[in-house]
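For the sequence shown, the numbering used here gives the first residue as 1452, with consecutive numbering after it.
Here's the structure, in structure tokens; my notes come after.
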Amino acid sequence: MEKSEWIWMNGEFVAWDDAKAHVLSHGLHYGTGVFEGIRAYDTERGTAIFRHREHLERLEKSAGLYYLELPYSADELRGATHELIRRNELRSCYIRPIAYRGYGTMGLFPLDAPVDVTIAVWEWGAYLGDEGTRNGIRAKVSSWRRISNDSLIPAAKASGQYLNSILAKIESHKAGYEEAILLDDKGYVCEGSGENIFVVRDGSIHTPPQTASILDGISRKSIIQIARDLGFEVVERNIGRAELYLADEVFVCGTAAELTPLREIDDHPVGDGAPGQITRAVQTVFEDALHGRAERYREWLDPVPVAAEDPAAMDVSRQVA
Ligand code: PPE
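This is how it looks when you write it as structure tokens:
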């Protein structure tokens, strides 16, 4: 991971190497944290954060679902993120806000433990590789099923829930694939370990619905809109495993992965084994939207002001490196 200089912790800017949590933090033991993954891009109008408000809203929702009270408003976190990017002098970066139960109590009743909030930013290149973004990756359907609504809350982006993705990711890696595709508890296609999934058949685009235990991805939502704006039909419906093999095109999307085509699934070539036309068309516009090149989607970008705008985010009391 590329280090940057400053991290925002509970309202203060601290040096990267000093941003530490206690080993008895509740979140470390029980996974009681919620987080976001956001990206900022270097656009012709300066650094801009893609769908920042939607990510912060999802953070608030995830927190609420686990009874975590965020001590900061979305506006405060937004201002702090702007200031953090400015201080680190980053033109583009990945942004990781996390709210977790901190040090103070042990045991499974968590409501007396404090809630700590941290935001880190760093430079993060292509999640599934530049080569993957261009030419597609090889994926394997995991033997692990995606967490279900019966046991956890798939719509929440909660730290503990990621053990599920991690088992699938390790399995696919050890088997020689670049990504895992998880089925839901009913056996329908759900999503990648850290991405939502789309299947193209006979010219229309299909993606699993909310009821398939997916994370309500912000890239997914953006891609559905872009595809419809391009005139494609997008259908949210249950997708059977075999449809992955019969598809003309398959791609995954997420903040970290952006839009990545799949070129092989379980050793079956997807289509003719290279990213297809519809995937390319949607990918081009999605990348334009991310990088601020698409006028139509400008409103999705939250520009980072060049000068400080929020005095609350400016606490410099611990700014001694
Ligand atoms: N499903 C899962 C399980 C998931 O983690 C992500 C994002 C998505 C779907 C796509 O959601 P969105 O980013 O809103 O389009 N995964 C994040 C974490 C990746 C990581 O390795 O950490 C991300 O892409 O930032």
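Glycine included, every Cβ here is placed at the ideal spot set by N, Cα and C.
Bear in mind that the values here come from a model prediction, so they are computed numbers and not experimental data.
{"Check": "For residue 1593 versus residue 1619, is the C-beta distance shorter than 8 Å?", "Outcome": "yes"}
{"Check": "Mind pulling the beta strand (DSSP E) runs of 3 or more residues that sit fully within the stretch 1639–1704?", "Outcome": "1640–1643, 1647–1652, 1655–1658, 1685–1687"}
{"Check": "Enumerated in chain order, which unbroken segments of the alpha helix (DSSP H) with a length of 4 residues or greater are wholly contained in the stretch 1548–1623?", "Outcome": "1581–1586"}
{"Check": "Skipping 5 residues on each side, what residues in its chain have a beta carbon closer than 6 Å to that of residue 1772?", "Outcome": "Summary for residue 1772: the model assigns pLDDT 37, below 50, so the residue's position carries little reliability, and this model does not support an answer."}
{"Check": "Is it right to say residue 1737 is buried, meaning 16 or more other beta carbons lie within 10 angstroms of its own, or is it exposed?", "Outcome": "buried"}
{"Check": "Do you know offhand how far residue 1743's Cα is from residue 1612's?", "Outcome": "33 Å"}
{"Check": "Check whether the stretch 1675–1687 touches the stretch 1511–1522, taking contact to mean three or more Cβ pairs, one atom from each stretch, closer than 8 Å.", "Outcome": "no"}
{"Check": "Over the uninterrupted alpha helix (DSSP H) stretch that includes residue 1528, give me the two end residues.", "Outcome": "1525–1539"}
{"Check": "Please report how far the alpha carbon of residue 1768 lies from the alpha carbon of residue 1463, in whole angstroms.", "Outcome": "With a pLDDT of 46 at residue 1768, under the threshold of 50, the predicted position of this residue should be treated as unreliable, though the coordinate-derived value follows. Cα to Cα, residue 1768 sits roughly 7 Å from residue 1463."}
{"Check": "Would you check whether ligand 1 has a heavy atom nearer than 7 Å to the C-beta of residue 1744?", "Outcome": "no"}
{"Check": "So does residue 1647 have its beta carbon nearer than 7 Å to some heavy atom of ligand 1?", "Outcome": "yes"}
{"Check": "Give the DSSP-derived three-state secondary structure of residue 1719 in the structure shown.", "Outcome": "strand"}
{"Check": "Taking 7 Å as the cut-off, is the C-beta of residue 1669 nearer than that to any heavy atom in ligand 1?", "Outcome": "yes"}
{"Check": "From 1598, 1473, 1579, 1597, pick the residue whose C-alpha is nearest to that of residue 1554; which is it?", "Outcome": "1473"}
{"Check": "Quick check: the stretch 1637–1651 against the stretch 1688–1708, are there 3 or more CB pairs under 8 Å?", "Outcome": "yes"}
{"Check": "Which residues in the same chain have their Cβ closer than 7 Å to the Cβ of residue 1581, if we skip the five residues on either side of it in sequence?", "Outcome": "none"}
{"Check": "Give the straight-line distance between the Cα atoms of residue 1481 and residue 1565, rounded to the nearest whole angstrom.", "Outcome": "14 Å"}
{"Check": "Could you check what DSSP says for residue 1631 in three-state terms: helix, strand or coil?", "Outcome": "strand"}
{"Check": "Using 8 Å as the cut-off, can you tell me whether the stretch 1661–1674 makes contact with the stretch 1713–1731, which would need three or more C-beta pairs spanning the two stretches below that distance?", "Outcome": "no"}
{"Check": "For residue 1753, report the span of its beta strand (DSSP E) as first-last.", "Outcome": "1752–1754"}
{"Check": "Going along the chain, which residues of its own chain have a beta-carbon closer than 7 Å to the beta-carbon of residue 1459, five neighbours each way excluded?", "Outcome": "1531, 1535, 1569, 1570"}
{"Check": "Would you please state the rounded distance, in angstroms, between the beta carbons of residue 1755 and residue 1499? I believe it to be under 8 Å.", "Outcome": "7 Å"}
{"Check": "Is it true that the CB of residue 1630 sits closer than 8 Å to the CB of residue 1579?", "Outcome": "yes"}
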